[in-house]
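In what follows, a single structure is set out as structure tokens and then discussed.
Number of protein chains: 4
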Amino acid sequence: MMGLGGLLGRVLDRPLSLGRAAPDDRAIADLCKALLTEAGEATGLSLAKTILARYASLDDEEKRDFFMTLARDMDVNAGAVHQTIDAYDSDPTRDTYRAYAAASEPPRQELIRRLNRVPGATARLVAMRADLLRLTDLSGRLGALDQDFRHLFSSWFNRGFLVLSPIDWRSPALILEKIIAYEAVHDIAGWDDLRRRLQPADRRCYGFFHPAMPDEPLIFVEVALTRGIPGSVQRLLSDKRDPITADEADTAVFYSISNCQSGLAGISFGNSLIKQVVEDLGRDLKGLKTFVTLSPIPGFMKWLGDQDVSADLSEPDTLRRLTATYLLDAKRGQGPLDPVARFHLGNGALVHAVHAEADISEKGRKQSAGAMVNYLYDPDRLAQNHEALATHGTIASSASVRSLAGAGRRLL
Amino acid sequence: MMGLGGLLGRVLDRPLSLGRAAPDDRAIADLCKALLTEAGEATGLSLAKTILARYASLDDEEKRDFFMTLARDMDVNAGAVHQTIDAYDSDPTRDTYRAYAAASEPPRQELIRRLNRVPGATARLVAMRADLLRLTDLSGRLGALDQDFRHLFSSWFNRGFLVLSPIDWRSPALILEKIIAYEAVHDIAGWDDLRRRLQPADRRCYGFFHPAMPDEPLIFVEVALTRGIPGSVQRLLSDKRDPITADEADTAVFYSISNCQSGLAGISFGNSLIKQVVEDLGRDLKGLKTFVTLSPIPGFMKWLGDQDVSADLSEPDTLRRLTATYLLDAKRGQGPLDPVARFHLGNGALVHAVHAEADISEKGRKQSAGAMVNYLYDPDRLAQNHEALATHGTIASSASVRSLAGAGRRLL
Amino acid sequence: MMGLGGLLGRVLDRPLSLGRAAPDDRAIADLCKALLTEAGEATGLSLAKTILARYASLDDEEKRDFFMTLARDMDVNAGAVHQTIDAYDSDPTRDTYRAYAAASEPPRQELIRRLNRVPGATARLVAMRADLLRLTDLSGRLGALDQDFRHLFSSWFNRGFLVLSPIDWRSPALILEKIIAYEAVHDIAGWDDLRRRLQPADRRCYGFFHPAMPDEPLIFVEVALTRGIPGSVQRLLSDKRDPITADEADTAVFYSISNCQSGLAGISFGNSLIKQVVEDLGRDLKGLKTFVTLSPIPGFMKWLGDQDVSADLSEPDTLRRLTATYLLDAKRGQGPLDPVARFHLGNGALVHAVHAEADISEKGRKQSAGAMVNYLYDPDRLAQNHEALATHGTIASSASVRSLAGAGRRLL
Amino acid sequence: MMGLGGLLGRVLDRPLSLGRAAPDDRAIADLCKALLTEAGEATGLSLAKTILARYASLDDEEKRDFFMTLARDMDVNAGAVHQTIDAYDSDPTRDTYRAYAAASEPPRQELIRRLNRVPGATARLVAMRADLLRLTDLSGRLGALDQDFRHLFSSWFNRGFLVLSPIDWRSPALILEKIIAYEAVHDIAGWDDLRRRLQPADRRCYGFFHPAMPDEPLIFVEVALTRGIPGSVQRLLSDKRDPITADEADTAVFYSISNCQSGLAGISFGNSLIKQVVEDLGRDLKGLKTFVTLSPIPGFMKWLGDQDVSADLSEPDTLRRLTATYLLDAKRGQGPLDPVARFHLGNGALVHAVHAEADISEKGRKQSAGAMVNYLYDPDRLAQNHEALATHGTIASSASVRSLAGAGRRLL
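Protein sequences appear in the order of chains V, A, H and L.
Each residue of the first sequence is one higher than the one before, counting from 2 in the numbering used here.
Each residue of the second sequence is one higher than the one before, counting from 2 in the numbering used here.
Each residue of the third sequence is one higher than the one before, counting from 2 in the numbering used here.
Each residue of the fourth sequence is one higher than the one before, counting from 2 in the numbering used here.
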């Protein structure tokens, strides 16, 4: 946390001001072209700063125009691609490859890389893509531009560059206010509520950060340390519970995982985050034997509505049977239909248990009649579960869930 | 320094060990193919670790074979390129672009990105390219592979991701021993000599670091704070001088700049480094008015040998005239012939003064008869000097150097 | 902040657990005696921990008993003092002095020092003295015990051991919630209000910390950067103002200073804090020319009530005259009567200006009819102002305040 | 390490410069008196700085004079002590105690506390006491002055204020060069030798630091991680050994412990250091079962010379028997005669094993004919071993050592 929120932040945030460029009244598109053609980094940095500042002052309509310019005027040149790939194919040398590599990539990728040279630019480029996603229709040419952003971000936000950092009550307020803002699963009502999630001895929170955006969590997961696997999120989060010490816990419960950056859509961090946290917790707390989620089942009620069935969901056994059936049987392609199931099972977890009366909030009742599910992360079985799902569409589950699902099938 | 050598280092270095993979006796090429085809990150990380470990155990011959496999079997597919660029060109949509993007990039780039997901992998991949440069002939296909490494590294080691850090006598010994090892201009004889370069109040050192390689400086520059512009490196470095306080200095002298990573060849950091240091020093020490180098002239004697001239180089005026002429007149393309001049003038510096008896070491005598040169970094003129050189081949210089060069021309 | 809230904290907080002492059911007074007589640190640390834990479980009555035991049973032995000082006086050697030093100090001082060996004990001992101050009458023997605490704390919390740290929106929430709790002058309503005091570019906050209590600010001062000297705290704190950049400011306004630890009563930090902040700000922001407070005048209305005068305080000029007279004329001993004036003038500041309608809060109206005062900290005059006050009772002031005070005298 | 060498260091080292005092040409003794009488901290800090600077410029003779002045002119006043202790004894109140407390302490203690307010002063005061110890005869009055220093330092360097920090190859060179300089047991020949002690996976080093002297280790211990208990320091330190990983180790060997500050003589850190390191290592490396020293026996040969015995010490069994006898039987008071034994047995360790041919250096041969001893630190028995030694003079030992000692006795 320190290294990020503190030291690095101060180093990286410091804006360059070499060269004292005169105000530049060229159009932003012209500035971008100039940035690509002028070789010098002196001019380049100053140009890049001007472009980023100019972009920040655009309104939504002007941003759309700017994106369209990038999409159209800085696209790949098909003729050059044909020509250079032929040259390389017939005579594969360093020089023919260099020509091909230059031609095959649209110039806007190099533009984005050059903009990124400005200290602090990475967060602005992520915000730029968030604008693109928010403001435009991506099915056409602009989808190609988005693809370029995504390609670059995927390389820059490579797992090897991310830093896992605990987030706790010692973390900078600057970071914590973002945790309040970004929590997507179980709302955090304010600073007192946040403290209840972070400060007790049986709570943990971890986030991924990128060194060039030290004040911005990319994704974070909230963890409860418990004895036994919990079946109710309200009980789990109750401030009336007696917190246990970390050493007393045998189970780590991932009860909320939230992405923070809409501009990084499509770049997946959750899998790595959970696995890294499982590993770190397991090393630090030798008493932990079980790593499990307490997850919503957001697609259940909608799916049930599509089935021709009348069932009394206030009856816990009925509800548990039907959710088990939903989780094991309802598919989209080879994977599970439920989006949360898709994520955890795709990571190699298995469906471990289902609970009724587990989330009695309005949202919980609405999406799953109050039911929740534990996905179990067993380090020794993650790879094979994942493999079985990817190859054969097999959904891993516990014997008791399979039995419930069988009973549920008979209700349909 | 702290953030890097310390906190981040500990976070990033921690190796993942999820999944406890059984020893894998497939060939390294097969492992690489598996890494590209299997989707799962669980398996992926473990595979990537296996590949990196396997690579580390190869001998030079096997490394050559491995590189050739990457170059040949993971190359771009010309047919797919033709087909997908046509599809995109006739119907530019997100989907046609995605297909093109996938086809236009050789699979080995994705392989390198996936290898990089392992914590600590970046330094290994840089070392892998160093092997490639050391072991192979790059004129053919292997040059294409090298181009891919360089392309990725250029994106990963973008200026926006680098951290400028002071290096001083409080820095970790782990870093300092590398400064001793990498110093390329004026040898550092050992720890005592190093202390003389770092600890006195009139010495500074700065390096660029990448957060994923916190123990490895990428490039560093050594600075002396002086009153007036020095004309002798031996006097500048003499341990008999009386150090001045930083506040007394009016001049910052860049007397040595060293690249550290042969695996990052072709990715230029020096320009950014010097400019950032000029800016930081100028902000922290208000008394500094002049930023200047004290640089070798490595190509002078060779050039002079090619001229048809007999001159008494032990005569200081003669030597200064001829070096001035060399620096202003001897060209390669539009740029100066001398490699050090090429670097500084390309950055926008100008030839400010030349000195005889300035480097009386054996190396100094041999390459330039003991002459050295000051290149002046004037923040207000960097952009225009650079521009004039890039556009017209104009080499910026002081009036006195131009006058010397004129006198030197008459000696030729 | 980092070093304190973070690294040091973690190192220092780690509790020792060597020796695994069996539960000890002796009375706390007996444990204390044992701690003083048993030489061994192994036993000692464990005993000290037991004592601190036992103390924490006492109720107020039991704490009073415990304090009385310390006061009575661990007091200085007059006979031994007489005897050892005579021996030293007649034969001043190392050995006679050692005997005297041992006899002259009550054993409870050594007890407190031994308790302090336990990591984290310092904060507990400070809290113990806060209990003493809260629960007991200090005029008798318990006052002697309090004197011993104060003597030790005065040595431990010596200025040379304190760390000045900026407190800002990057500080740990753990620290920030204490700033909200301890603010004593102008209430902070919650986290949003706190952010308004910390985050804008024209706000600063600094606190003193002790390395052994890294999570506890000892005292903090809130600073506003302004153009010109402000005359209204409501305008100064208004969230409708346009924040200026730090470079635009010419004045630093200390508008609130709060002690945090009641257990450190009588140990003065404020003087050092203000002077250090004046120095640090002056070095970092070259534009700052004026360092001034905007202070309440808490004793004014009470003093005025004791004068035989009827004046219309809603008339700004009348109010300003009378407050000036109060500040310059009303004395307690040689010093000013007003407690805030006493503090700042004692530090060497001078009465620079008085303002009506400056604090229109209920509290402000009640204590000073809304008037406030600026005390000016002029680094070049602090020593002589202080000296003149200490020696001659001279209160330093500006000419305009003296003139107002003269006019005020005529109203009395 | 970071927090100390880095952050804190920078905060604490920053010198105050408020008040810009004119050069003060009073004698140092007069300056000291002024510091005690003038109340103001503004003047006080500046005075204290002047005094410290003046002291630094004194030659040895002048330092002796200065110490004598402190000893004589700032001594305790016997008359005042008699009078105030009587007043307190007959009427124990806060006020009578305050008067007694003021009179019973010599004014030089308050002088030293006021000098310590200057940032960075603590290290200078420690050096001042080192001068006192080096330059003067302490048997008389100067011994009283030394006692005052020791009393204050004992309070300031309380275990609760010390920070245990690992020292490794990432530590600042500034710290590491002091490790080379201060190593007292087995010389470190230079930086390469130091690296061999710090960098391998089976080596550790820890030191105590005080936050106000972050660049100065107070004491440090060097540790080797081994399989089994070693019997030869040359083999232990051999750079030809194959380092094991930390996880493979079952034993931690404390093979060198060095005090660094002669000015802190008589203030014991070693006991706390070893116990804290035992605890930390035991928590971090679960495989460690045995904590043991490999210690010299510096008094053996001298003791043996005093016995009337002729024995062939080149015979390993003979040597081991006699060293066992020496360690168990040779006493000074209740404790062991051997100084190293005194230290470890006083800490609660026991004599575990003795080895011949264990230190074949010249020094090792000379002081103990090459023999060494393992003292075992068993956390569960430290308190009782210590107790038995302190109460009954019982030296704890293993059965095998007792048996050797028995055999040895028969040789005498």
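From the three backbone atoms N, C-alpha and C, an ideal C-beta is built for every residue, glycine too.
- Residues of chain V with a Cβ closer than 7 angstroms to the Cβ of S172 of chain H are, in chain order, P173, A174.
- Put simply, the CB of Y89 of chain V is near chain A, with a gap under 9 angstroms to one of its CB atoms.
- For W192 of chain H, at least one C-beta of chain V is nearer than 9 angstroms to its own C-beta.
- Of the residues assessed, A202 of chain V falls on the exposed side of the cut-off, its CB having fewer than 16 other CB atoms within 10 angstroms.
- Taking 9 angstroms as the threshold, the shortest C-beta distance from R196 of chain H to chain V falls below it.
- No residue range can be given for M75 of chain A, since it is assigned to no alpha helix (DSSP H) and is classified by DSSP as neither H nor E.
- Counting only runs of 3+ residues, the beta strand (DSSP E) found wholly inside the stretch 336–391 of chain H occupies 351–356, 373–377, in chain order.
- Closest in C-alpha terms to R204 of chain V, from the list V:K303, V:L238, V:P340, V:K276, comes V:L238.
- Using beta-carbon distances, E178 of chain V counts as an interface residue toward chain H, with a partner under 9 angstroms.
- With a threshold of 9 angstroms between beta carbons, P120 of chain V makes contact with chain A.
- Interface annotation, F162 of chain V: in contact with chain A, CB-CB separation under 9 angstroms.
- Boundaries of the alpha helix (DSSP H) around L199 of chain H: 192–199.
- Scanning its chain for C-beta atoms nearer than 6 angstroms, with the 5 sequence neighbours on each side dropped, one finds around I245 of chain V the residues D203, in chain order.
- Each of H:Q235, H:D309, H:A128 was checked against the Cα of L219 of chain H, and the nearest Cα belongs to H:A128.
- The alpha carbon of A30 of chain L has as its nearest neighbour, out of L:R99, L:R109, L:D96, L:T85, the alpha carbon of L:R109.
- DSSP places G45 of chain A in the helix class (H, G or I) of the three-state scheme.
- Scanning the stretch 125–211 of chain A from its first residue to its last, the whole beta strand (DSSP E) runs of 3-plus residues come out as 164–167, 204–210.
- The Cβ atoms of T294 of chain V and Y376 of chain V lie closer than 9 angstroms to each other.
- Counting only residues of its own chain and dropping the five nearest sequence neighbours on each side, H187 of chain L has a CB closer than 6 angstroms to the CB of S257.
- Relative to K276 of chain L, the option among L:T97, L:A253, L:I268, L:P317 whose CA is nearest is L:A253.
- Flagged as an interface residue toward chain L: N117 of chain H, by a C-beta distance shorter than 9 angstroms.
- In chain order, L351, N386 place their CB closer than 6 angstroms to the CB of A397 of chain H, counting only its own chain and leaving out the 5 sequence neighbours on each side.
- Taking C-alpha positions only, L36 of chain H is separated from A331 of chain L by approximately 30 angstroms.
- Here the alpha carbons of K179 of chain H and F68 of chain H stand approximately 28 angstroms from one another.
- Taking a contact as a CB-CB distance under 8 angstroms, the pair W170 of chain V and Q148 of chain V does not count as one, their CB atoms being some 41 angstroms apart.
- Counting C-beta pairs closer than 8 angstroms gives fewer than three between the stretch 45–56 of chain L and the stretch 52–60 of chain H, which falls short of the contact rule.
- Interface annotation, I86 of chain V: in contact with chain A, CB-CB separation under 9 angstroms.
- Here the stretch 315–334 of chain V does not lie against the stretch 258–267 of chain V, with fewer than 3 beta-carbon pairs under 8 angstroms apart.
- At the C-beta level, A79 of chain H and D90 of chain L come within 9 angstroms of one another.
- Taking the CA atoms as reference points, G283 of chain L sits about 8 angstroms from K290 of chain L.
- Each residue's CA atom was taken as its position, placing A103 of chain H and L133 of chain L some 22 angstroms apart.
- Interface with chain L (9 angstroms Cβ-Cβ cutoff): Q262 of chain H is excluded.
- Taking a Cβ-Cβ threshold of 8 angstroms, the residues of chain H close to G141 of chain L are P93, T94, R95, in chain order.
- Of all alpha-carbon atoms in V:K34, V:A100, V:V355, the one lying nearest the alpha-carbon of P231 of chain V is that of V:V355.
- Within chain L, no residue has its CB atom less than 7 angstroms from the CB of N375 of chain H, the nearest being about 19 angstroms off.
- Under the Cβ criterion of 9 angstroms, R333 of chain A is not counted among the residues facing chain V.
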